[in-house]
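2 protein chains.
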Amino acid sequence: MSLEGLSINFATIKQGGSFATLVDACLHHGITTISPWRDHVHGVGLEEAARIVAQNGIRLSGHCRGGFFPAHDAQGRRDAIEDNKRAVDEAAAMNADCLVLVVGGLPVGSKDINGARQMVEDGMAALLPYARQAGVPLAIEPLHPFYAADRACFNTLKQSLDLCDRLGEGTGVAIDVYHVWWDPELEEQMARAGRNGQILAHHICDWLVPTTDPLNDRGMMGDGVIDLKAFRRMIETAGFTGPQEVEIFSNTWNARPIDQVLTTVVERYRALSAD
Amino acid sequence: MSLEGLSINFATIKQGGSFATLVDACLHHGITTISPWRDHVHGVGLEEAARIVAQNGIRLSGHCRGGFFPAHDAQGRRDAIEDNKRAVDEAAAMNADCLVLVVGGLPVGSKDINGARQMVEDGMAALLPYARQAGVPLAIEPLHPFYAADRACFNTLKQSLDLCDRLGEGTGVAIDVYHVWWDPELEEQMARAGRNGQILAHHICDWLVPTTDPLNDRGMMGDGVIDLKAFRRMIETAGFTGPQEVEIFSNTWNARPIDQVLTTVVERYRALSAD
Chain A
4 MSLEGLSINF
14 ATIKQGGSFA
24 TLVDACLHHG
34 ITTISPWRDH
44 VHGVGLEEAA
54 RIVAQNGIRL
64 SGHCRGGFFP
74 AHDAQGRRDA
84 IEDNKRAVDE
94 AAAMNADCLV
104 LVVGGLPVGS
114 KDINGARQMV
124 EDGMAALLPY
134 ARQAGVPLAI
144 EPLHPFYAAD
154 RACFNTLKQS
164 LDLCDRLGEG
174 TGVAIDVYHV
184 WWDPELEEQM
194 ARAGRNGQIL
204 AHHICDWLVP
214 TTDPLNDRGM
224 MGDGVIDLKA
234 FRRMIETAGF
244 TGPQEVEIFS
254 NTWNARPIDQ
264 VLTTVVERYR
274 ALSAD
Chain B
4 MSLEGLSINF
14 ATIKQGGSFA
24 TLVDACLHHG
34 ITTISPWRDH
44 VHGVGLEEAA
54 RIVAQNGIRL
64 SGHCRGGFFP
74 AHDAQGRRDA
84 IEDNKRAVDE
94 AAAMNADCLV
104 LVVGGLPVGS
114 KDINGARQMV
124 EDGMAALLPY
134 ARQAGVPLAI
144 EPLHPFYAAD
154 RACFNTLKQS
164 LDLCDRLGEG
174 TGVAIDVYHV
184 WWDPELEEQM
194 ARAGRNGQIL
204 AHHICDWLVP
214 TTDPLNDRGM
224 MGDGVIDLKA
234 FRRMIETAGF
244 TGPQEVEIFS
254 NTWNARPIDQ
264 VLTTVVERYR
274 ALSAD
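Sequence order for the protein chains is A and B.
If you're matching positions, the first sequence starts at 4 in this note's numbering and goes up one per residue.
If you're matching positions, the second sequence starts at 4 in this note's numbering and goes up one per residue.
Below, the structure written as structure tokens:
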């Protein structure tokens, strides 16, 4: 079975070293689609990263990540927009499918979540012409409500798609099973996103019971309670047939050799894809 | 300022001992509204608990808790309904405002969240005639999506109110700031619940940043990022003027003497209630 439909988010194997080393490890396992983080790219320099990508026929299912628009003052918000433009440049240079946005939560000391949401909308509106010019779609990743305060104040597909509708062309969503599997409106909103061509990425992992750490205890596919086959059917029915990007923030998996992690990922991906 | 509008959920002071001791501690601080857990009541026996409540003019803003309807097999689901009837009996004997329902998550080994949701609906439908007969309103507590897998597969106000609408008279919601503060549809759904007389309880605490433990790191009011004054205005605008019930699951606060906890609760409650 081809592994064309499988992508590795570098958070899953961040223990493994530099951008070049992680790419080599993926290629060794027959994986040619990746999603790096900005620090990996900065580590080798954008030019070298783009060269590695082009030379090896690598596809980026996304570039991680832009966002974090809310800030205490106007200067902080302007700085965030400028930094997001650099992230757009990187995504463009590596020809990424999209720039993934973790939009940001409450500014320090604030209790105004609606205000933070407005800052996200304003920041994205300011960034969007630049991203369109560069041909880089902006993918809002609605994060699990657990992260509403400190990482992303957009927490459901509906809320994120409503924002995409207001912003228009060049925006969409990254749908991560971990963040949205519980949503009672999942199927309906996924279908809506598909109809409008707004599904830009599909991330997978699993939800462990119990989850012992709010940040770094995501599960390997098959070890948790998410019906990943049903989820994939749903997103394909909605019209998205792009890669399944494995993004596992996990103290457990990040403590293992990346060769072992990738072997397990490939096994689990094959099991998921079997009829 | 009167403390009539303040209720203490016994989870907040569970380190303090038996039902009688906890009631005495509340009375000592001028607090006459409580919300006990079933184990507290079972500890002294229902008759004695009801006597203590009546004799001291105590009001129960809720009885914690019924629910956990989903189960692997039919016998398990029948057992759950029977157990919920006993919880209704207790709530009736102590004249509680409502029986709070933590409805339950996925049965062990299941990945079928829609199936679990159906089990909740079926279980509540089976329980409801008994609860109506006893005059005990059933309060669905939508829990934060973090608990969707193992505690409650109803996770938003909208989803819970839709179920109340299907079940009809004698059902409503317990609105806990911790579980719903992030919800982009909060105001709209709260207004809807108020219009239909479906707000049965209002629980308060705070959301800490960072939250270090998914279960037992809730904050004391004022220590986190929830705009509690705005939340109370919203729920009062929706028509609910009942007690604010302080429910803080916290390793930190449960490690302190309950006299200190209650002193802090009263201080913070007064600060919240000041203009």
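Backbone N, C-alpha and C define an ideal beta-carbon position, used for all residues, glycine too.
Residues that DSSP places opposite residue i in a beta bridge
| i | result |
| --- | --- |
| isoleucine 178(A) | His205(A) |
| histidine 66(A) | Leu102(A) |
| asparagine 12(A) | Ser38(A) |
| alanine 142(B) | Val103(B), Gly175(B) |
| alanine 155(B) | Gly107(B) |
Nearest neighbour of residue i, chosen from the options [CA to CA]
| i | options | result |
| --- | --- | --- |
| glycine 70(A) | Gly197(A), Leu25(A), Asp82(A) | Asp82(A) |
| leucine 211(B) | Ala204(B), Gly222(B), His31(B) | Gly222(B) |
| glycine 227(A) | Ser10(A), Cys208(A), Ala129(A), Pro187(A) | Cys208(A) |
| isoleucine 84(B) | Gly126(B), Ala96(B), Gly48(B), Thr174(B) | Gly126(B) |
| alanine 142(B) | His182(B), Ser10(B), Gln18(B), His66(B) | His66(B) |
| aspartate 86(A) | Tyr133(A), Pro145(A), Phe252(A), Gln58(A) | Tyr133(A) |
| glycine 175(A) | Pro145(A), Val183(A), Asp186(A), His75(A) | Pro145(A) |
| glutamine 263(A) | Gln247(A), His32(A), Leu9(A) | His32(A) |
| tryptophan 40(A) | Phe22(A), Met122(A), Cys156(A), Lys88(A) | Phe22(A) |
| serine 253(A) | Leu6(A), Ile16(A), Ile11(A) | Ile16(A) |
| aspartate 153(A) | Ile61(A), Ala277(A), Phe72(A) | Phe72(A) |
| aspartate 186(A) | Pro148(A), Lys88(A), Ala277(A) | Pro148(A) |
| alanine 61(A) | Glu188(A), Gly79(A), Pro246(A), Gly197(A) | First, the amino acid is wrong: residue 61(A) is isoleucine here, not alanine. Of Glu188(A), Gly79(A), Pro246(A), Gly197(A), the residue nearest in Cα terms is Pro246(A). |
| threonine 24(A) | Val47(A), Val105(A), His206(A) | Val47(A) |
| glycine 242(A) | Ala204(A), Val180(A), Val249(A), His182(A) | Ala204(A) |
| valine 106(A) | Met97(A), Ala74(A), Ala95(A) | Ala74(A) |
| histidine 45(A) | Asp27(A), Ala96(A), Thr266(A), Ala177(A) | Ala96(A) |
| isoleucine 178(B) | Lys161(B), Phe13(B), Gln136(B), Ile116(B) | Lys161(B) |
| tyrosine 272(A) | Arg235(A), Ser64(A), Leu170(A), Asp165(A) | Arg235(A) |
| alanine 90(B) | Arg80(B), Arg68(B), Val249(B) | Arg68(B) |
| leucine 104(B) | Ala128(B), Ile55(B), Ala155(B) | Ala155(B) |
| leucine 231(A) | Arg135(A), Gln136(A), Glu248(A) | Glu248(A) |
| glutamate 190(A) | Ile55(A), Asp76(A), Met237(A), Gly138(A) | Met237(A) |
Cβ neighbour criterion (16 or more within 10 Å) applied to residue i
| i | result |
| --- | --- |
| methionine 4(A) | exposed |
| proline 260(B) | exposed |
| glutamate 93(A) | buried |
| alanine 52(B) | buried |
| serine 163(A) | buried |
| glycine 199(A) | Reading off the sequence, residue 199(A) comes out as asparagine, not glycine. Exposed, by the Cβ-count rule. |
| glutamine 192(A) | buried |
| asparagine 158(B) | buried |
| alanine 57(B) | exposed |
| threonine 215(A) | exposed |
| glutamate 172(A) | exposed |
| glycine 108(A) | buried |
| aspartate 100(A) | buried |
| glutamine 78(A) | exposed |
| threonine 36(A) | buried |
| glutamate 270(B) | exposed |
| alanine 258(A) | exposed |
| glutamine 201(B) | buried |
| proline 213(A) | exposed |
| asparagine 12(A) | buried |
| alanine 28(B) | buried |
| alanine 151(B) | buried |
Select from the region 211-239 of chain A all residues with a C-beta closer than 7 Å to any C-beta belonging to chain B, and list them in chain order. Val212, Pro213, Thr214, Pro217, Val228, Ile229, Asp230
Which runs of the beta strand (DSSP E) at least 3 residues long sit entirely within the region 181-261 of chain A? Give them in chain order. 202-207, 247-249
Which residues of the region 116-129 of chain A have a Cβ closer than 8 Å to any Cβ of chain B? Give them in chain order. Ile116, Arg120
Give, in chain order, every residue of the region 139-155 of chain B whose Cβ lies closer than 8 Å to some Cβ of chain A. His147, Pro148, Phe149, Ala151, Ala152, Asp153
Interface residues of the region 179-201 of chain B facing chain A [CB-CB below 7 Å]: Trp185, Pro187
Going along the region 161-172 of chain A in order, which residues come within less than 9 Å of chain B, judged by CB to CB distance? Lys161, Gln162, Asp165
Can you list, in chain order, the residues of the region 248-275 of chain A whose Cβ is nearer than 9 Å to any Cβ on chain B? none
Using a Cβ-Cβ cut-off of less than 8 Å, list which residues of the region 8-30 of chain A approach chain B; keep chain order. none
Output needed in chain order: residues of the region 96-112 of chain B with a Cβ under 7 Å from some Cβ in chain A. Leu109
By the 7 Å beta-carbon criterion, what residues does the region 50-64 of chain A contribute toward chain B? none
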